[in-house]
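First to last, the sequence lines map onto chains A, B and C. In terms of my numbering, the first sequence has 125 at position 129, counting the first letter as 1, and numbering is strictly consecutive. Each number in my numbering corresponds to the 1-based position in the second sequence with 55 added. Each number in my numbering corresponds to the 1-based position in the third sequence with 95 added. Glycine included, C-beta positions come from ideal geometry on N, C-alpha and C.
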Amino acid sequence: MATFRDWLIDDSPASPMQARLGRLYRIFGALMHNPLAVIGAIIIICLILAALFAPWLATHDPLRQALAERLLPPSAAHWMGTDELGRDIWSRVVYGARITLMIVALVAVLAAPAGLVIGVVSGYFGGWVDRILMGITDIFLSLPKLILALAFVAALGPGIENAIIAIAITSWPGYARVARAETLTFKNSEFIAAVRLLGASSIRVNLGHVLPLCTSSMIIRVTLDMAGIILTAAGLGFIGLGAQPPLPEWGAMISRGRSFILDQWWVATMPGFAIILVSLGFCFLGDGLRDVLDPKSGEQR
Amino acid sequence: MRPLLEIENLRVTFPTTRGDTDVVRGVSFTLGRERLGIVGESGSGKSMTGRSILKLVRAPGRVYADKLAFDGIDLSTRSEKQMRALRGARISMVMQDPKFSLNPVMTIGEQIAEALLTHKSLPRREVNDRVHAMLESVRIAEPERVARLYPHEVSGGMGQRVMIAMMLIPEPDLLIADEPTSALDVSVQAQVLDIIDELVRRKGMGLIFISHDLNLVSSYCDRILVMNTGEVVEECRAGELMNATHPYTRGLIASIPRLDETRDELPVLDRSAWAKA
Amino acid sequence: MTALSLKDLDISYGDTQITHKVSLDIAEGESFALVGESGSGKSTVLKAIAGLAPQWTGEIRVLGKARSHGVDRDFSRVCQMVFQDPYGSLHPRKTVDATLGEALTIHGIGDRNARVEEIMASVGLDRKFRFRFPHQLSGGQRQRVAIARALMLKPKILLLDEPTSALDVSVQAEILNLLKRLRREQNLTFLMVTHNLPVVSFLCDRLAVMRHGRIVEVASVDDLRRGDLKEPYSRELMQISAAHAT
């Protein structure tokens, strides 16, 4: 174990693989020194584990209705109580992790690369390309996120898939802005000039040299945005335009619990807790990543 | 006469993942009303030495000294508030790049006036007169016009002269100049240094001139300390630099190309020569 | 044969014209210095030759061939550039190996392993540095990497933009020695921009003094060593340099 660590922190790596792993290890080590980031990471890992092992963690079938057991308070049999149809809330929250994770993952996969490419192209080429792309970006940015998502869902029809598409469409402009700003600072640097002088094509300069520098700020931004994405998804679910019943989506669950909030507080509170916890987790992790990855502060001194 | 500055066994330490690193390792010197040059390469600890006199070493760096006294005042026990009263008024510092040291949203005149008013209260008229007189003494031709300009409207050399005016208007007893001309062209460099030199002589101040440039330091100072890896390796009068004894100093002097260079290869420092000794 | 020939070169940035009718001829194998203060346009001339300042009129001929305004692949095999700041000229996320290998990949040159090792040896970089990132190298080592990158395509001409002004004097000596040796071994042509006359005296054969975008004087380094420059401005620069030397 000690020797593996020595291999990782070796000052003179013998292969590109070792160099890359060494760098990852140093980033990881720095992240581990940040208590909030560790808490955030643990929360996210718990979310992922819950999503993966939902069938084993859940004590009941999340969709099975038992009208005899409606609105029971938390107890040994039902850890978080039951809802108005007698479904076990704990099991629904656990299965809800799958939906939440799917939403954030898909939004990240759809929106981040789109924003990254648009931003880098816009920043690197400048001129009219920049003006057109940034004009479109600004139009999207100037509309309130939730309202825009609402409009899309209204047009496409309610449902979890459409909610994901709507959220992705509303979140790429932010990433494009970040990527463009980063590109502008790097494009006139000497190391980019040096690669151009070696005869590299624009595509090569962008993909091979500018993009990798923007990715770390993009990772930070996406992680920090996750909380907002989860909240938007929950918001859509809450007003009935996101995941449709009987899917155990946290926002939709809160929405249904609203009617009983005074007498049966647990119905709305438990999924609410889950949302807060996961949002916080992403925020903490994002903050930690920012401290570690920020290209301006350097990876280490 | 009491020396202006007495430093004994100054150490500056920074914590790293591999334990504490000493950036300055036991530097001692005294300074009268004279011009002292501190020369060294990057990482020699010369800037940290200058900063620790003003207690400007940022956390997590820590400063220790057996004695750190300015004009009889023990600096090591002074609080941050007491230090602030001393900075500017009695000890001033000119940094490398005027672009980062001047406030971009205040006119030059306002900034110099502020430097004066922080430590003294004077009537408006007198302040203006003194600002203009100060700008004139750093050889700025039209002080009234320049006082109304913003920092981005002046050249680098002019900006550095403004910095010097700002630092010298409270009439400090000691000026610390940390690479004051490294960002400037050679011809402007000479002008700026001549101005510092003249003002220091006229007002009888002490000067600590920190630089990487051996030649520059030896032509503007009375006495020179050569620093390497946090230690003073050589102390001599400026005129006797060519007779330096330490291998590091000698190596450094030899490695500088000359205007009438005929050597085919420049001698390179052999760091192992004295590292063990 | 002339390696580099500039004729009536007027370079502009936007609406401001930086240089006025710059003409120069640099022979193959020669080491030539462009000397001047900041704002004299000396670095701009270098950038125009490299293709990084495409807004110019006049003529730039490289090894007899007229040069286009942009950066092109054929040109990159003939002429390369070393930048002033070793901290800014290396990609912070790429290892030495990746930085050096990039040129080979772009031009489809094989035998990468051997070539990278060979070039590292010739600029005096130990093999253990091969997979380090720039932040794990000292300033002098970074400048060696930058020089190695420029030599990767075996160019004939090297443009040097103040290659040692950001370095400590003892490191400067190492890099100057390295440049001198490489020029001798590979019969390179140097065009160096600098404000440091002693460096010119050590490394160059001829120099041109620039002021306000114009060449005021072209002289041989022997003239410089003897203090035999003709123009008043060149003499002024020389005297300032001499005054600082003890």
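Own chain, CB closer than 7 Å to residue i, minus 5 neighbours either side, in chain order
{"i": "Glu269(C)", "result": "Gly235"}
{"i": "Leu32(A)", "result": "Phe280, Asp283, Gly284"}
{"i": "Leu321(B)", "result": "Ser310, Pro312"}
{"i": "Gly268(A)", "result": "Ile250"}
{"i": "Thr78(A)", "result": "Glu65, Arg66, Leu67, Leu68, Asp84, Ile85"}
Contact with chain C by residue i, beta-carbon distance below 9 Å
{"i": "Ala15(A)", "result": "yes"}
{"i": "Glu253(B)", "result": "no"}
{"i": "Lys145(B)", "result": "One detail in the question is off: residue 145(B) reads as Arg in this sequence, not Lys. With 9 Å as the cut-off, Arg145(B) does not count as an interface residue toward chain C."}
{"i": "Ala72(A)", "result": "no"}
{"i": "Glu295(A)", "result": "Low local confidence applies: a pLDDT of 40 at Glu295(A) is under 50, so the model's placement there is unreliable, with the coordinate-based value given in what follows. Yes - at least one Cβ of chain C is within 9 Å of the one on Glu295(A)."}
Residues that residue i bridges to, as DSSP identifies them
{"i": "Glu61(B)", "result": "Thr85(B), Ala124(B)"}
{"i": "Leu262(B)", "result": "Arg90(B), Leu230(B)"}
{"i": "Ala159(A)", "result": "The partner list for Ala159(A) (beta bridge, DSSP) is empty, contrary to what the question assumes."}
{"i": "Leu101(C)", "result": "Leu119(C), Ile155(C)"}
{"i": "Met282(B)", "result": "Val287(B)"}
{"i": "Gln175(C)", "result": "Leu253(C)"}
{"i": "Ile146(B)", "result": "Arg142(B), Leu229(B)"}
{"i": "Arg80(B)", "result": "Arg66(B)"}
{"i": "Tyr119(B)", "result": "Arg66(B)"}
{"i": "Lys160(C)", "result": "Val157(C)"}
{"i": "Ser126(C)", "result": "Phe285(C)"}
{"i": "Met161(B)", "result": "Met161(B) pairs with nothing; no bridge assigned."}
{"i": "Val304(C)", "result": "Val130(C), Glu312(C)"}
DSSP three-state assignment for residue i, whether helix, strand or coil
{"i": "Gly92(B)", "result": "strand"}
{"i": "Tyr108(C)", "result": "strand"}
{"i": "Thr236(B)", "result": "coil"}
{"i": "Ile310(C)", "result": "strand"}
{"i": "Glu253(B)", "result": "helix"}
{"i": "Tyr303(B)", "result": "helix"}
{"i": "Asp167(C)", "result": "coil"}
{"i": "Arg22(A)", "result": "helix"}
{"i": "Tyr205(B)", "result": "coil"}
{"i": "Thr289(C)", "result": "strand"}
{"i": "Ala108(A)", "result": "helix"}
is_contact[residue i, chain B] using C-beta, thresh 9 Å
{"i": "Ala128(C)", "result": "no"}
{"i": "Val294(C)", "result": "yes"}
{"i": "Ser133(C)", "result": "yes"}
{"i": "Thr341(C)", "result": "A caution first: Thr341(C) carries a pLDDT of 43, below 50, which makes its placement in the model too unreliable to give a value."}
{"i": "Ile335(C)", "result": "yes"}
{"i": "Arg321(C)", "result": "yes"}
{"i": "Lys275(C)", "result": "yes"}
{"i": "Phe228(C)", "result": "no"}
{"i": "Gly389(C)", "result": "In the structure displayed, chain C extends from 96 to 341; residue 389(C) sits before or after that span and is not available."}
{"i": "Glu257(C)", "result": "no"}
Same chain, Cβ closer than 8 Å to residue i, five either side skipped, listed in chain order
{"i": "Ala245(C)", "result": "Gln175, Met176, Val177, Leu253"}
{"i": "Gln112(C)", "result": "Asp105, Ile106, Gly308"}
Distance cut-off 8 Å: residue i Cβ against heavy atoms of the ligand PLP
{"i": "Gly212(B)", "result": "Ligands displayed in this structure: none; no statement on the ligand PLP is therefore possible."}
Under 9 Å from the C-beta of residue i: neighbouring residues of chain C
{"i": "Asp79(A)", "result": "Chain C residues near Asp79(A): none, gap ~50 Å exceeds 9 Å."}
{"i": "Arg22(A)", "result": "By Cβ distance, chain C contributes nothing, its closest Cβ being about 10 Å from Arg22(A), past 9 Å."}
Amino acids of chain A, ordered along the chain, whose beta-carbon sits closer than 8 Å to that of residue i
{"i": "Glu197(C)", "result": "Val191, Leu194, Ala196, Gly204"}
Residue i at chain A interface by Cβ criterion, 9 Å
{"i": "Phe285(C)", "result": "no"}
{"i": "Val117(C)", "result": "no"}
{"i": "Gly146(C)", "result": "yes"}
{"i": "Met247(C)", "result": "yes"}
{"i": "Asp300(C)", "result": "no"}
Per-residue contacts from residue i into chain C (C-beta, under 8 Å)
{"i": "Val323(B)", "result": "Ser265, Ala268, Glu269, Asn272"}
{"i": "Gly306(B)", "result": "Ser265"}
{"i": "Ser266(B)", "result": "Those do not exist, as Ser266(B) stays about 11 Å from chain C at its closest Cβ, beyond 8 Å."}
Chain A residues whose Cβ lies nearer than 9 Å to that of residue i
{"i": "Gly183(C)", "result": "Ser185, Glu186, Phe187"}
{"i": "Val211(C)", "result": "Neighbours of Val211(C) on chain A: none; closest Cβ ~11 Å, over 9 Å."}
Sequence-distant residues of the same chain with beta carbon closer than 6 Å to residue i, five excluded per side
{"i": "Gly277(A)", "result": "Gly36, Ile39, Ile40"}
{"i": "Ala230(A)", "result": "Trp246, Gly247, Ile271"}
{"i": "Ala162(A)", "result": "Ala145, Phe148, Val149"}
{"i": "Glu63(B)", "result": "Ser83, Asp121, Lys122"}
Residues that residue i contacts on chain B, provided the C-beta gap is smaller than 8 Å
{"i": "His290(C)", "result": "Asp240, Val241"}
{"i": "Phe178(C)", "result": "Simply none; closest approach about 18 Å."}
Per-residue contacts from residue i into chain C (C-beta, under 7 Å)
{"i": "Ala10(A)", "result": "Phe226"}
{"i": "Pro208(A)", "result": "Arg188"}
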